[in-house]
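**Student:** In the numbering used here, the protein residues as written are 50 to 153. Cβ coordinates follow ideal geometry from the N, Cα and C atoms, glycine included.
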Amino acid sequence: RGQTLAYLIGYNPSVSKTHGFVSIFALTQTEAQALGPLSVTITPVVPKHSAGLSLAKFSWSEVPHANSDVEQVAAWFPIKMFSGRLDEGKPHERAVEITIQVEK
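1) In chain order, which continuous runs of the beta strand (DSSP E) of length 3 or greater are located wholly inside the stretch 50–120?
2) Would you kindly work out how many angstroms separate the C-alpha atoms of Y60 and P93, rounded to a whole number?
3) Using DSSP's beta-bridge definition, name the partner residues of G138.
4) Sort out for me which residues DSSP pairs I128 with in a bridge.
5) Confirm, please, whether the CB-CB distance from A115 to L76 is below 8 Å.
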């Protein structure tokens, strides 16, 4: 629809040793208002590696924009949802699958 949406998935053990985070935002306030409500679903890439965790879902009534304090709206999820990438030959990397859905 012409709006730009950005997201960041991360893990910082100095902030939390047990949780990763996702932060999502529009680049401008106008784009955030045009997008409206939004949800994010995080699932493990390889479910058998997730210790029984199947998904984490978060929603925002309005997408934050880049000029707002996006730290305050970061969503935290258990790091057990990260899957290893051994099958891809990347033993030091981890991944999750993310689905972003506009709720209009």
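**Tutor:** With the structure as the only source:
1) 54–59, 68–75, 87–93 and 105–109
2) For the purposes of this step, residue 60 is identified with residue 11 of the sequence shown, where counting begins at 1. For the purposes of this step, residue 93 is identified with residue 44 of the sequence shown, where counting begins at 1. Their backbone Cα atoms lie some 15 Å apart in a straight line.
3) Residue mapping note: residue 138 aligns to position 89 of the sequence shown, counting from 1. Paired residue(s): none; G138 is not in a bridge.
4) Counted from its first residue, the sequence shown places residue 128 at position 79. Its beta-bridge partners do not exist; DSSP assigns none.
5) Here residue 76 refers to the residue found at position 27 when the sequence shown is read from its first residue. Here residue 115 refers to the residue found at position 66 when the sequence shown is read from its first residue. Yes.
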